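Residues 2 to 133 in my numbering are what the sequence shown lists, from first letter to last.
Glycine residues also receive a C-beta, built at the ideal position from the N, C-alpha and C atoms.
Predicted model, so just to flag it, every value in this text is computed and none were measured.
So the structure is just underneath, and the comments pick up after that.
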Amino acid sequence: RNGLARLRDKDGLSLVMLPEERWGALRAIASGIANLFAIEHALVISQCERPDIYEYGDWTWLRVFDEEDLREFVGEMHETLMVAAREESLDLVEETLYRWRTTAGALADPLRQSILLGTPGDEDFVAVERPA
């Protein structure tokens, strides 16, 4: 139940059976690696500042990030996918993607983006009186 089972046919065909959850995790990790390689190829190999939309793979929501953020994402996902592949678990991948997707959602809104990335001025600060 925790490992795998190998079935061999008389003609040498070998089939491997493993728990469906483990197979699903390995398949999703492989997909994540393919998405990551496409983005990394665009940033590193092609030396472009912003990948074309198709180069984001399943992660098109990354298009709101600038080059520096994309490079940070690539580095973090390298570590995340390495751990996930070794543990054969999607937990860390899902958590990491959730955090980046939430940030991307905030940056997609112009008002939120101006608040998050803007420089505060003196008018943004007011004196507060002690409550009565």
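Sequence-distant residues of its chain with Cβ nearer than 6 Å to residue i (five each side left out)
i    : result
Q114 : L108
Own chain, CB closer than 7 Å to residue i, minus 5 neighbours either side, in chain order
i   : result
A86 : I30
Assigned secondary structure, residue i (DSSP; H/G/I helix, E/B strand, else coil)
i    : result
V129 : coil
S90  : coil
L27  : helix
R64  : helix
L14  : coil
L5   : coil
L112 : helix
R100 : helix
Nearest-angstrom beta carbon gap, residue j and residue i [assumed within contact, 8 Å]
i   : j   : result
L5  : M18 : 6 Å
R64 : Y57 : 6 Å
Contact set for residue i: own chain, Cβ-Cβ below 8 Å, skip 5 residues either direction
i   : result
S15 : R7, L8 and R9
Three or more C-beta pairs below 8 Å linking the region 73–93 and the region 10–30: yes
Touching by the beta-carbon criterion (3+ pairs, under 8 Å), the region 72–84 and the region 111–127: no
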